[in-house]
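Colleague: The sequence shown maps to residues 706 to 1167 in this note's numbering.
For every residue, glycine included, the Cβ atom is placed at its ideal position computed from N, Cα and C.
These numbers come from a predicted model, not from an experiment.
Mind looking over this structure? Questions follow.
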Amino acid sequence: MSKLSLLDLGFFIAESVASPKHVAGLLICKRPPKAPAGFVRSLYREFLTCTDVQPPFNRVIHFSLKAMPHWRAAPSVDLNQHIFFHKLDKDANDREALYALVARLHTPMLDRSRPLWEMHVIDGLSDGRFALYQKVHHAYADGVTMARWTAENLATSADQLQLTPVWSQKLGGRSQQYTAFTQALWRSTWKEVAGNSRRFLGIGRLAAMLLLESVKLTKNAIALPFVSSAKTPLTGQVTPGRQFASASISMERVTDIRQRTRSTLNHVALTCLDGALRRYLEDQGVHLRRPITIQMPVNLRKEGEKSSGNKIGIIQVELSAPTDDPYIRLRNIGYSLRNVRTMVDSVAPEAIESYTIITGLVAQIAELLKLSDKMPPMGNTLVSNVPGPSEHLFIKGARMEEMHPISTLPPSNLLNITLFSYAGNLYFGLIATDELPNLQRLADYVGVAFTELEHAVRQTQA
């Protein structure tokens, strides 16, 4: 039996048919040279032989009136209920068809009566490609952890042909578990007292910062939640049905901008998103006079920590004030993010976690009561950044060419954007309800905004 953290439990409480709480990845691969026609189906069949299912992929959630919800090991795991094969039609096997299939696969909740994960092998893509779509419940892992698990089960060269799927890995070895256990025995009391002290002191400090922000004595420390009054298509009551779109920019181009402007990847990426979102909203007849506010997850793990589950906080960050100059937009966002980083580093992680739970609970209650269309949202959208491998990875000799993140929708947000860097490219994964109009147009605007930023930086430095 394994306890759930409060944050992990929150994903089950918040989950509904309209708003399932799983995260996923779409891996697009190129068949090995001279691979037989049945290569992908053979890969699917080999997955079914990997029956050594390790935690957390063998765990089911158990609810009881006598105890707190907890994980239990399933007596057995039938891989036929978790691994599936699809083949696209020859006349509908382009990227649009793939994304439509992925959106349908991402829509339903995972069955809580069995372990909460699925793998879908998708054959028939054009140009000899195939895809793997894998999803897990958010209570199993956050995006950073899932990306690490995915990378660890793939090979680093084409000649490494051993198949080690993520569910067969021993995640978090015995030594780590033993260390945690022994530490808990003799330090549990101290950790509880010290942790609560840090939590209360941190909450007090954070509350003071928010108070100063509310009376405009500070600026850009952290944006206030639930203050956005503008009605946009990006927010409202989350409904069933999903759509997926993506964009990508070469890291070479991103690095060039970073070096020219002494910016970070986040600065550049959020500048592109700010410009793309504003152009998209203007298409819908919405002209914002205030900065766009995003919800931004922050990693609360210590350096080198590789625990499973979720250890993240979510804070609100203002992007740039309205401007037609992408270079000024970049500078504004850099200033905002630097101040937010300073604020986060000055507050105990326990306080950020508590703040996340409290604000998330308010938003979740509004969604459960179907008030999200009437209440101001926490922010205009959620944007997260998950680092990935810098070199290409392989599976049974097939090179993984693209790796797209697909997340879940927070309360009152009809759009979630995840950034993922992999093998020389920065990918923007956009998941939204199917009520949001023209999602692919928003993805296309990301590339347009980046090109505009390149031109603006070069003109400024000319």
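Nearest to S1077 by alpha carbon, out of I718, S724, N1044, L1035?
Modeller: The residue you call residue 1077 lines up with position 372 of the sequence shown. Checked all of I718, S724, N1044, L1035; the closest Cα to S1077 is S724.
Colleague: Would you report the Cα separation of P1054 and T1064, rounded to the nearest angstrom?
Modeller: If you number the sequence shown from 1, residue 1054 lands on position 349. If you number the sequence shown from 1, residue 1064 lands on position 359. The straight-line gap from Cα to Cα measures roughly 16 Å.
Colleague: Quick check: is any heavy atom of the ligand SAH less than 8 Å from the C-beta of V1052?
Modeller: This structure lacks the ligand SAH; in fact it carries no ligand of any kind.
Colleague: For S1126, does the count of other Cβ atoms within 10 angstroms reach 16, so buried, or fall short, so exposed?
Modeller: Translated into the one-based positions of the sequence shown, residue 1126 becomes position 421. When all chains shown are included, S1126 counts as buried.
Colleague: Name the residue from F1133, Q839, Y845, A1071 whose alpha carbon lies nearest to the alpha carbon of R817.
Modeller: In the sequence shown, the residue the question calls residue 817 occupies position 112. Of the listed residues, the one whose Cα sits closest to R817 is Y845.
Colleague: Rounded to whole angstroms, what is the Cα-Cα separation between V722 and T966?
Modeller: For the purposes of this step, residue 722 is taken as the residue at position 17 of the sequence shown. For the purposes of this step, residue 966 is taken as the residue at position 261 of the sequence shown. One C-alpha to the other measures close to 45 Å.
Colleague: Classify C977 as helix, strand or coil using the three-state DSSP reduction.
Modeller: Indexing the sequence shown from 1 puts residue 977 at position 272. Three-state result, C977: helix.
Colleague: Taking the beta carbon of I1111 as the centre, do at least 16 other beta carbons fall within 10 Å, making it buried, or is it exposed?
Modeller: The sequence position of residue 1111 within the sequence shown is 406, counting from 1. By the neighbour-count rule (16 or more Cβ atoms within 10 Å), I1111 is buried.
Colleague: May I ask which residues mark the beginning and end of the beta strand (DSSP E) holding V1091?
Modeller: To locate residue 1091, count along the sequence shown from 1; it is residue 386. From DSSP, the beta strand (DSSP E) with V1091 extends over 1086-1091.
Colleague: Please classify L911 as buried or exposed, where buried requires at least 16 neighbouring CB atoms within 10 angstroms.
Modeller: Locating residue 911 in the sequence shown gives position 206, counting from the first residue. Caution is warranted here: a pLDDT of 48 is assigned to L911, below 50, making its placement in the model unreliable, and no coordinate value can be reported.
Colleague: Please say whether V943 and P1116 have beta carbons closer to each other than 9 Å?
Modeller: The count along the sequence shown starts at 1 and reaches residue 1116 at position 411. The count along the sequence shown starts at 1 and reaches residue 943 at position 238. Result yes, Cβ atoms of P1116 and V943 sit closer than 9 Å.
Colleague: Among G1018, T855, I1033, V1003, which has the Cα closest to the Cα of D979?
Modeller: Numbered from its first residue, the sequence shown carries residue 979 at position 274. With distances taken between Cα atoms, D979 lies closest to I1033.
Colleague: On the CB-based measure, 16 or more other CB atoms within 10 Å of its CB, does Q1069 come out buried or exposed?
Modeller: In the sequence shown, counting from the first residue as 1, residue 1069 sits at position 364. Per the 10 Å Cβ criterion, buried.
Colleague: So who's on the other strand from I1111, going by DSSP bridges?
Modeller: As a working mapping, residue 1111 is identified with position 406 in the sequence shown. Paired residue(s): A729.
Colleague: Under three-state DSSP, which class holds G1039?
Modeller: Numbered from 1 along the sequence shown, position 334 holds the residue referred to as residue 1039. Helix at G1039.
Colleague: Excluding sequence positions up to five away, which residues of its chain have a Cβ less than 6 Å from the Cβ of G878?
Modeller: Looking up residue 878 in the sequence shown gives position 173. The predicted position of G878 is uncertain, since its pLDDT is 40 and thus under 50; a value taken from the coordinates is nonetheless stated next. Correct list: empty, nothing qualifies.
Colleague: Within its chain, find whatever has a CB closer than 7 Å to the CB of G848; leave out the 5 residues flanking it on each side and keep chain order.
Modeller: The count along the sequence shown starts at 1 and reaches residue 848 at position 143. Answer for G848: V728, S1089, V1091, P1110, S1112, T1123, listed in chain order.
Colleague: Taking the beta strand (DSSP E) that R765 falls in, what are its first and last residues?
Modeller: As a position in the sequence shown, residue 765 is number 60, starting the count at 1. A small correction: the amino acid at residue 765 is Val; Arg does not occupy that position in the sequence shown. Start and end: 764-767.
Colleague: DSSP beta-bridge partners for V826?
Modeller: Position 121 of the sequence shown holds residue 826. BP columns for V826 point to F790, L837.
Colleague: Among the residues of its own chain, which have a CB less than 6 Å from the CB of Y749, if the five just before and after it don't count?
Modeller: To locate residue 749, count along the sequence shown from 1; it is residue 44. Contacts found: F790, V826.
Colleague: Can you name the start and end residues of the beta strand (DSSP E) that G1134 belongs to?
Modeller: Counting from one through the sequence shown, the residue named residue 1134 turns up at place 429. Note, G1134: beta strand (DSSP E), 1130-1138.
Colleague: Would you give the residue range spanned by the alpha helix (DSSP H) that R777 belongs to?
Modeller: Mapped onto the sequence shown, residue 777 falls at position 72. From DSSP, R777 is part of no alpha helix (DSSP H) but of the beta strand (DSSP E) over 775-778.
Colleague: Using beta-carbon positions only, say whether K840 and L806 come within less than 9 Å of one another.
Modeller: Locating residue 840 in the sequence shown gives position 135, counting from the first residue. Locating residue 806 in the sequence shown gives position 101, counting from the first residue. In this structure, L806 does not lie closer than 9 Å to K840 by Cβ.
Colleague: In three-state DSSP terms, what is V1022?
Modeller: For the purposes of this step, residue 1022 is taken as the residue at position 317 of the sequence shown. V1022: strand per DSSP, three-state reduction.
Colleague: Taking DSSP as the reference, what is the three-state secondary structure of P1054?
Modeller: On the sequence shown, position 349 is the one that residue 1054 refers to. DSSP places P1054 in helix when its eight states are reduced to three.
Colleague: Can you say whether L890 is buried or exposed, counting buried as having 16 or more other CB atoms within 10 angstroms of its CB?
Modeller: On the sequence shown, position 185 is the one that residue 890 refers to. Low per-residue confidence applies at L890: pLDDT is 32, beneath 50, and the placement is therefore not dependable, though the value from the model is reported in the following sentence. It is exposed - the Cβ of L890 has fewer than 16 other Cβ atoms within 10 Å.
Colleague: Going by C-alpha to C-alpha distance, which of T1165, G1129, K1101 sits closest to F744?
Modeller: By one-based count along the sequence shown, residue 744 stands at place 39. Of the candidates T1165, G1129, K1101, the one whose C-alpha sits nearest the C-alpha of F744 is K1101.
Colleague: What whole-angstrom Cβ distance do I999 and L970 have, given they're in contact under 8 Å?
Modeller: Walking along the sequence shown from the start, residue 999 turns up at place 294. Walking along the sequence shown from the start, residue 970 turns up at place 265. That pair is no contact at about 15 Å.
Colleague: Taking 8 Å as the cut-off, does the region 752-767 touch the region 777-788 (at least 3 CB pairs, one atom from each stretch)?
Modeller: With a cut-off of 8 Å, the region 752-767 and the region 777-788 count as touching, because enough Cβ pairs lie within range.
Colleague: Which class does H842 belong to by DSSP, given the choice of helix, strand or coil?
Modeller: Indexing the sequence shown from 1 puts residue 842 at position 137. Strand at H842.
Colleague: Per DSSP, which one or two residues make a beta bridge with S707?
Modeller: For the purposes of this step, residue 707 is taken as the residue at position 2 of the sequence shown. DSSP lists W776 as partners of S707.
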